[in-house]
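This report concerns only the one structure given below.
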Amino acid sequence: QHSTGAIATEIGLLTELRILHLRANSFDSAIPTELGALTRLVLLHLEMNRLTGAIPSSIGQMTALKEVNIGKNFLMSPMPTEISQLNLLQYLYVNDNRFDGQIPDEITQLTGLIELNLQNNYWNGTIPTDISALTDLEVLLLNNNKRRGGAGIEGALPESLGSLGSLVDFDASGNSITGEIPSTMSDATDLETLILLDNLMGGRVPRALCDLGADIQVDCTVDCLEGCCTNYNCTV
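Everything in the sequence shown is counted per the numbering used here, starting at 693 for the first residue and increasing by one.
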């Protein structure tokens with residue numbers, strides 16, 4: 693059934709709930725603070741609605757959460773500091789919203805994350821160097837934050853990215869990242885996809901990174917060894 697309006701505050705009374713799927717409706721209000729009473733909830737899916745405002749700080753009480761998907765709404769910053777209390781969280785999708793500012797340090801404290809999707813927002817500033825704490829991370833999507841005239845994510849890729857030994861897919865295209873690909877990226881030996889198109893980068897793709905056999909996509913301002921890059925974008 694397709695639901696509209698506000699998510700009922702009485703939802704906080706369902707304290708035994710483990711899974712909450714409200715995706716693909718037309719809820720158009722803020723996420724109710726009362727949701728924080730669902731302390732046994734493991735899966736929270738609110739994606740593809742019209743939710744507005746900020747994530748309530750009460751989310752920090754939902755310490756059993758393993759997966760949160762609030763993508764494709766109209767949510768905005770600030771990200772509550774209490775999100776760092778979700779120690780069991782493995783999958784966090786906040787893509788396609790209106791989050792802006794620096795990527796919150798609290799996200800780097802979610803050390804159990806396997807997938808982190810921050811794409812299609814308005815993030816700016818640099819990638820936190822403490823991202824290296826996410827040692828279980830396999831998917832990191834930071835692409836397409838250069839929207840509505842904003843610069844998107846800036847600065848150089850931190851060398852600490854190479855510490856993400858489980859990283860398989862990394863997409864930071866559509867930003868204003870500068871500098872060179874750090875040589876430490878080749879330490880992420882499980883890497884299969886590296887997409888850095890539509891940025892302001894230079895230098896060259898490290899040979900050791902090419903040797904991983906990953907799908908590497910860069911702008912032609914980056915020197916790429918023959919046969920190393922699968923997409924060599926010269927339109928920027």
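All C-beta atoms, glycine included, are put in the ideal place defined by N, C-alpha and C.
Buried or exposed: which applies to residue i, given that a residue is buried once 16 or more other Cβ atoms fall within 10 Å of its Cβ?
| i | result |
| --- | --- |
| Asp907 | exposed |
| Ile711 | exposed |
| Ser695 | exposed |
| Ala700 | exposed |
| Leu780 | exposed |
| Thr800 | buried |
| Asp822 | exposed |
| Ala698 | exposed |
| Ala729 | buried |
| Leu733 | buried |
| Thr876 | buried |
| Gly745 | exposed |
| Ser718 | exposed |
| Glu918 | exposed |
| Leu805 | buried |
| Ala900 | exposed |
| Leu705 | exposed |
Can you tell me which residues form a DSSP beta bridge with residue i?
| i | result |
| --- | --- |
| Ile845 | Gly817 |
| Ile873 | Looking at the DSSP assignment, Ile873 forms no beta bridge with any residue, so it has no partner. |
| Leu907 | Residue identity differs from the one stated: residue 907 is Asp in this sequence, not Leu. In the DSSP output, where bridge partners are listed per residue, Asp907 has Thr885. |
| Ser868 | Glu846 |
| Asp822 | In the DSSP output, where bridge partners are listed per residue, Asp822 has none listed. |
| Asp861 | Val831 and Thr885 |
| Cys920 | BP columns for Cys920 are empty, so no partner. |
| Asn812 | Asn812 pairs with nothing; no bridge assigned. |
Assuming residue i and residue j form a contact by the criterion Cβ under 8 Å, report the distance between their Cβ atoms to the nearest whole angstrom.
| i | j | result |
| --- | --- | --- |
| Leu859 | Ile845 | Actually they are not in contact, since the Cβ atoms of Leu859 and Ile845 sit about 17 Å apart, beyond 8 Å. |
| Met771 | Glu798 | 7 Å |
| Ile916 | Val897 | The residue asked about is misnamed: residue 916 is Cys in this sequence, not Ile. The Cβ separation is near 5 Å, so the contact holds. |
| Leu856 | Ser824 | 7 Å |
| Ile751 | Ile775 | 6 Å |
| Leu883 | Leu904 | 6 Å |
| Pro748 | Leu727 | 7 Å |
| Leu829 | Leu810 | The pair is not a contact, with the Cβ atoms about 12 Å apart (cut-off 8 Å). |
| Cys920 | Cys902 | 4 Å |
| Gly842 | Asn812 | The Cβ separation is near 12 Å, so there is no contact. |
| Glu851 | Pro874 | 4 Å |
| Glu759 | Gln777 | That pair is no contact at about 16 Å. |
Can you confirm whether the region 781–796 touches the region 754–766 when touching is taken to mean that 3 or more C-beta pairs between the two stretches lie within less than 8 Å? yes
What residue ranges within the region 728–754 form continuous beta strand (DSSP E) runs of no fewer than 3 residues, ordered along the chain? 735–737
Please give the ranges of any beta strand (DSSP E) in the region 875–901, keeping only runs that are unbroken, at least 3 residues long and fully inside the region. 885–887
I'd like the ranges of any beta strand (DSSP E) spanning at least 3 consecutive residues and lying wholly in the region 756–808. 759–761, 783–785 and 792–794
Runs of 3 residues minimum, wholly inside the region 696–724: which ones carry the beta strand (DSSP E) assignment? 711–713
Any contact between the region 869–879 and the region 887–894? By contact I mean 3 or more CB pairs, one from each, below 8 Å. yes
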